[in-house]
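K.L.:
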């Protein structure tokens, strides 16, 4: 479905609009306070952008260092060209241990590659342990926000869902506290017994082989600590070169994401540690279209993204349509530039237009991704590479190029523009003028005025 | 060598092309000033997460811990306060504890964070995760000013856990609920080493 069609569907859902509108307003205000506290915020953003840009142009070296360090600390590193390969590796690890149930830390990357469905198809049951992801999973639903994926659901719906699924026969009430308690009870049994967990990674440090997961609920700590086998799936762009780079991102991420000074829990681990945590650790490095994104010098900055969701919360388009209209695990402004690129322009080719180019996303981005510039760049790529040469934009641009090639044609075009104003243009361009006003062409062009002007008397040149 | 590995590295190299190696990262965010760790700030920030911060001295510590800890209190093996020592207790036993009492590797004033590193004062990760109540002793000399100061003095080879308040979720209508899967209550006991008595 195109973005305009999906957006129209979302706009009809008043519950979703109300919940998303409220959520972004609250988080936006909180983020401003959290960011204002740090006098060096702009310098941190610059450092964040620099570190990531540096990691991307030295990516082969960083990945090789990461691989060596993880292996040195007792972990096993796997490489996956695409999602299907990554999913098969996870499934193979599970079946190698005779495991038919895994628990999961919230991870956008594993959602991107459809890991849950792939494992289910191979007879491995997956339980999401983040509260919002559990709500989405139990309801067969789709995420509407990166940080709070079930924000489109209200407490009554969640209560009914839980009473139908994880707490049958119980009367939970509408209090979020009671609903969270029901999830705690249900998941605790899983944490204490399920032998394998799958996580994503917020960061991976090439220098030391350390992986970082930032979270709030403690479900991440449970998954990273208690099961015997831990598998982490990370996109290759998550790597940071040096240990000290963490000091930048552990300040940028929480304040941009949950708008806190620090998220409740950040877990850092390096391979295996005797007597503490899993006995087996696998790291899967996923390409999944990322190397092709790197080839676009303008578009590649999208790979700096640390998935904080600050750009969603300030986007006037996202605020109104919510995350589901983007039909991708990556919604909002970042999704509009990431989804088309990751899919090689198979998906989301209308997404680069899902923006008013107001630039608010760029201002809040902790790694200074210039989203408006990338949007405009991708619009060009879609028109040149994806759309047919008969598409209206392509034809219009060819027309303009033709007219601008000679003075005679340009002047004729100007006269035509004056004639063509009004009902004629509105009829021909009704889809464009429905949302915009055509500029009023002047009664006389500069060129016409110049050629008709009275010839001024020539002044004698001063000697 | 796996072909996936070779293919991915080759695809990345082809995509990047010959790019000059970038210069050093500008670390001016660290500023020219040196912050002194601020104990009052640390305590305030801990409280803002809906955790409790308590100030005490060496001599007042025992009484404070007795007041805070439940009947069945777990401690890391060899910990200098009495309790059920964690000799690889199974998760059911950990789950049945009222309280877990530990020290920390360091604490961060600016963010109100305690950091555990799996050392003998902190215990292994499961010990401070499964019980419902965590009491953490922080001596004032363990408090650093900022996140960069913390990163600089931690050992990345150890399993590290940064804890900023009790576990929390805002997933249902953005209503904050404290205490989901990690300990639902966190008490931070700050021991002032400079104070007399």
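Chains as they are written, first to last, in the working numbering: chain U, 790 to 1252; chain D, 219 to 415. Every residue gets a Cβ at the ideal spot worked out from N, C-alpha and C, and that includes glycine. All values reported here derive from a predicted model rather than from experimental measurement.
If I'm right that residue 382(D) touches residue 399(D) with Cβ under 8 Å, what's the distance once you round it to whole angstroms?
P.N.:
Locating residue 382(D) in the second chain gives position 164, counting from the first residue. Locating residue 399(D) in the second chain gives position 181, counting from the first residue. The pair is not a contact, with the Cβ atoms about 15 Å apart (cut-off 8 Å).
K.L.:
Does the segment 348-358 of chain D come close enough to the segment 1049-1068 of chain U to have 3 or more Cβ pairs within less than 8 Å?
P.N.:
no
K.L.:
By Cβ distance below 6 Å, which residues in the same chain neighbour residue 732(U) in space, the five residues on each side in sequence not counted?
P.N.:
Here chain U comprises residues numbered 790 to 1252, so residue 732(U) is not present and cannot be evaluated.
K.L.:
Determine which residues of the segment 879-890 of chain U have a Cβ less than 8 Å from any Cβ of chain D, and write them out in chain order.
P.N.:
none
K.L.:
When burial is assigned at 16 or more other CB atoms within 10 Å of the CB, is residue 1026(U) buried or exposed?
P.N.:
In the first chain, counting from the first residue as 1, residue 1026(U) sits at position 237. Buried, since its Cβ has 16 or more Cβ neighbours within 10 Å.
K.L.:
Let me know if residue 1222(U) comes out buried or exposed under the rule of 16 or more other beta-carbons within 10 Å of its beta-carbon.
P.N.:
Working through the first chain from its first residue, we reach residue 1222(U) at position 433. Residue 1222(U) should be labelled exposed.
K.L.:
Run through DSSP, which three-state label would residue 1184(U) get?
P.N.:
The residue given as residue 1184(U) occupies position 395 in the first chain. Residue 1184(U) falls in the helix class under three-state DSSP.
K.L.:
Whose Cβ in chain D lies nearer than 9 Å to the Cβ of residue 1017(U)?
P.N.:
Here residue 1017(U) refers to the residue found at position 228 when the first chain is read from its first residue. Here the premise fails: no neighbours, minimum Cβ distance about 12 Å.
K.L.:
Given that residue 1053(U) touches chain D, what residues does it touch there, using C-beta distances under 8 Å?
P.N.:
For the purposes of this step, residue 1053(U) is taken as the residue at position 264 of the first chain. Here the neighbours are 267, 381, 382, 383, 384, 385, 386 and 400.
K.L.:
Under the rule that 16 or more other beta-carbon atoms within 10 Å means buried, what is residue 1240(U), buried or exposed?
P.N.:
As a working mapping, residue 1240(U) is identified with position 451 in the first chain. Its Cβ having fewer than 16 others within 10 Å, residue 1240(U) is exposed.
K.L.:
What's the gap between the Cα of residue 405(D) and the Cα of residue 319(D)?
P.N.:
In the second chain, counting from the first residue as 1, residue 405(D) sits at position 187. In the second chain, counting from the first residue as 1, residue 319(D) sits at position 101. Cα to Cα, residue 405(D) sits roughly 10 Å from residue 319(D).
K.L.:
Taking only three categories from DSSP, how would you classify residue 406(D)?
P.N.:
Within the second chain, numbered from 1, the residue matching residue 406(D) stands at position 188. Note: residue 406(D) maps to strand in three-state DSSP.
K.L.:
For the alpha helix (DSSP H) that residue 1054(U) lies in, which residues bound it at each end?
P.N.:
Looking up residue 1054(U) in the first chain gives position 265. Residue 1054(U): not part of any alpha helix (DSSP H); member of the beta strand (DSSP E) spanning 1054-1059, first to last residue.
K.L.:
Around the Cβ of residue 1138(U), are there at least 16 other Cβ atoms within 10 angstroms (buried) or fewer (exposed)?
P.N.:
Taking the first residue of the first chain as position 1, residue 1138(U) is located at position 349. Buried, because 16 or more other Cβ atoms sit within 10 Å of the Cβ of residue 1138(U).
K.L.:
At which residue ranges does the segment 1075-1163 of chain U contain complete alpha helix (DSSP H) runs of 4 or more residues, listed in the order of the chain?
P.N.:
Runs of the alpha helix (DSSP H) inside the segment 1075-1163 of chain U: 1079-1083, 1099-1103, 1105-1110, 1121-1131 and 1149-1153.
K.L.:
On the criterion of 16 or more Cβ atoms from any shown chain inside 10 Å, does residue 909(U) qualify as buried, or is it exposed?
P.N.:
For the purposes of this step, residue 909(U) is taken as residue 120 along the first chain, with counting starting at 1. The residue is exposed, with fewer than 16 neighbouring Cβ atoms inside 10 Å.
K.L.:
Does residue 942(U) pass the burial test, meaning 16 or more other C-beta atoms within 10 Å, or should it be called exposed?
P.N.:
Position 153 of the first chain, counted from the start, is the residue given in the question as residue 942(U). Buried, by the Cβ-count rule.
K.L.:
Tell me the residue span of the alpha helix (DSSP H) that contains residue 353(D).
P.N.:
Walking along the second chain from the start, residue 353(D) turns up at place 135. In the DSSP annotation of this structure, residue 353(D) is not part of any alpha helix (DSSP H); the continuous beta strand (DSSP E) holding it starts and ends at 351-357.
K.L.:
Give me whichever residues DSSP pairs with residue 270(D) in a beta bridge.
P.N.:
Indexing the second chain from 1 puts residue 270(D) at position 52. The partner list for residue 270(D) (beta bridge, DSSP) reads 405(D).
K.L.:
Identify the contact partners of residue 864(U) in chain D, using a Cβ-Cβ distance below 7 Å as the criterion.
P.N.:
One-based indexing of the first chain puts residue 864(U) at position 75. Within 7 Å Cβ-Cβ: nothing; residue 864(U) doesn't reach chain D, min ~12 Å.
K.L.:
Does any residue of chain D have a CB that is nearer than 7 Å to the CB of residue 1023(U)?
P.N.:
Sequence index remark: in the first chain, residue 1023(U) carries index 234 (1-based). Taking Cβ atoms only, chain D never reaches closer than 7 Å to residue 1023(U), which makes this a no.
K.L.:
Does residue 1029(U) pass the burial test, meaning 16 or more other C-beta atoms within 10 Å, or should it be called exposed?
P.N.:
Residue mapping note: residue 1029(U) aligns to position 240 of the first chain, counting from 1. Classification for residue 1029(U): buried.
K.L.:
Looking only at C-alpha atoms, which of 852(U), 913(U) and 857(U) sits nearest to residue 879(U)?
P.N.:
Translated into positions along the first chain, residue 879(U) becomes position 90. Cα-wise, what sits closest to residue 879(U) is 913(U).
K.L.:
Under the DSSP definition of a beta bridge, which residues are partnered with residue 893(U)?
P.N.:
Residue mapping note: residue 893(U) aligns to position 104 of the first chain, counting from 1. When beta bridges are read from the DSSP output, residue 893(U) appears opposite 917(U) and 987(U).
K.L.:
Who are the near neighbours of residue 916(U) in its chain, counting only those whose CB is closer than 8 Å to its CB and skipping five residues on each side?
P.N.:
Your numbering for residue 916(U) matches position 127 in the first chain. The beta carbon of residue 916(U) lies closer than 8 Å to those of 890, 891, 892, 893, 923, 926, 976, 979 and 983 in the same chain, with the five residues before and after it left out.
K.L.:
If you check the beta carbons only, do residue 868(U) and residue 222(D) fall under 7 Å apart?
P.N.:
Within the first chain, numbered from 1, the residue matching residue 868(U) stands at position 79. Within the second chain, numbered from 1, the residue matching residue 222(D) stands at position 4. Yes, the Cβ-Cβ distance between residue 868(U) and residue 222(D) is below 7 Å.
K.L.:
Residue range of the beta strand (DSSP E) that residue 1023(U) falls in?
P.N.:
Along the first chain, read from residue 1 onward, the residue named residue 1023(U) stands at position 234. Where residue 1023(U) is concerned, the enclosing beta strand (DSSP E) stretches over 1018-1024.
K.L.:
Is the segment 1081-1092 of chain U touching the segment 230-248 of chain D in the sense that three or more CB pairs, one from each, lie closer than 8 Å?
P.N.:
The segment 230-248 of chain D and the segment 1081-1092 of chain U touch, with no fewer than 3 CB-CB distances between them shorter than 8 Å.
K.L.:
Roughly how many whole angstroms lie between the Cα atoms of residue 1123(U) and residue 1094(U)?
P.N.:
Translated into the one-based positions of the first chain, residue 1123(U) becomes position 334. Translated into the one-based positions of the first chain, residue 1094(U) becomes position 305. Roughly 8 Å separates the two Cα atoms.
K.L.:
Confirm the yes/no value for this check: CB of residue 319(D), any heavy atom of the ligand ZN, distance under 6 Å.
P.N.:
The model on display carries no ligand, and the ligand ZN is accordingly not part of it.
K.L.:
Residue 1035(U) CB to nearest chain D CB: under 7 Å?
P.N.:
Within the first chain, residue 1035(U) is the residue found at index 246, counting from 1. At least one chain D Cβ lies under 7 Å of residue 1035(U).
K.L.:
Given a limit of 8 Å on CB to CB distance, which residues of the segment 295-324 of chain D reach chain U?
P.N.:
306, 309, 310 and 313
K.L.:
If you measure from the beta carbon of residue 403(D) to each beta carbon in chain U, is any gap under 7 Å?
P.N.:
As a position in the second chain, residue 403(D) is number 185, starting the count at 1. The beta-carbon of residue 403(D) is placed no less than 7 Å from the nearest beta-carbon of chain U.
K.L.:
Output, in sequence order along the chain, the residues in the segment 343-364 of chain D whose CB is closer than 7 Å to any CB in chain U.
P.N.:
343, 344 and 347
K.L.:
Can the beta-carbon of residue 1052(U) be found less than 7 Å from the beta-carbon of residue 1005(U)?
P.N.:
Indexing the first chain from 1 puts residue 1052(U) at position 263. Indexing the first chain from 1 puts residue 1005(U) at position 216. Yes, the Cβ-Cβ distance between residue 1052(U) and residue 1005(U) is below 7 Å.
K.L.:
Report buried or exposed for residue 895(U), applying the criterion of at least 16 other Cβ atoms within 10 angstroms of its Cβ.
P.N.:
Mapped onto the first chain, residue 895(U) falls at position 106. Buried, because 16 or more other Cβ atoms sit within 10 Å of the Cβ of residue 895(U).
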